[in-house]
Amino acid sequence: MLLYPYMPDTAKKLHKQLNVPAGAFVIPNHFYCLLPPGHKIGKPCPLFTKMEASHMEELRVRFSGNQKSRSPEADTSSNSSKAKESSPVNTSASTGASSEEILKLQHDIEAQ
């Protein structure tokens with residue numbers, strides 16, 4: 001079973017529910033039918049438990065760390081200012097500035 005290395009407990013539950021032989025955890029070199037005709041499966045039960053909202057919030061608080069809470073506007077404004085600093089872009093269409101003004105501003109920026 002490919003699930004076993006990542007989720008061993010879940011794989012064991014599934015193995016028990018399917019009532020398959022021990023060799024089911026081995027990946028064969030050739031495809032063959034592992035189960036005989038008329039194979040009876042075990043009693044089915046949920047593999048995962050439902051997480052309630054209160055439990056998820058408890059886990060979120062427990063594992064969130066010590067990060068300062070940030071507003072989305074602060075992230076957006078800092079990202080946009082970094083983008084403006086990193087690459088010069090012709091913004092005449094959005095600001096209505098003339099090409100002469102833009103050239104003068106670019107010259108002033110390069111002079112700094």
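Everything in the sequence shown is counted per UniProt numbering, starting at 1 for the first residue and increasing by one. Just so it is clear, CB atoms sit at the ideal spot from N, CA and C, and this is done for glycine as well.
Select from the options the residue whose C-alpha is nearest the C-alpha of residue i.
{"i": "Leu18", "options": "Cys45, Lys50, Ile109 and Pro28", "result": "Cys45"}
{"i": "Ile27", "options": "Lys16, Pro5, Gln106 and Asn66", "result": "Pro5"}
{"i": "Pro37", "options": "Asn29, Leu59, Val20 and Ser64", "result": "Val20"}
Assuming residue i contacts residue j under a Cβ cut-off of 8 Å, what Cβ separation, rounded to an integer in Å, is found between them?
{"i": "Thr10", "j": "Leu47", "result": "5 Å"}
{"i": "Leu3", "j": "Leu14", "result": "7 Å"}
{"i": "Lys16", "j": "Gly42", "result": "6 Å"}
DSSP on residue i, reduced to helix/strand/coil?
{"i": "Val61", "result": "helix"}
{"i": "Ser98", "result": "coil"}
{"i": "His15", "result": "helix"}
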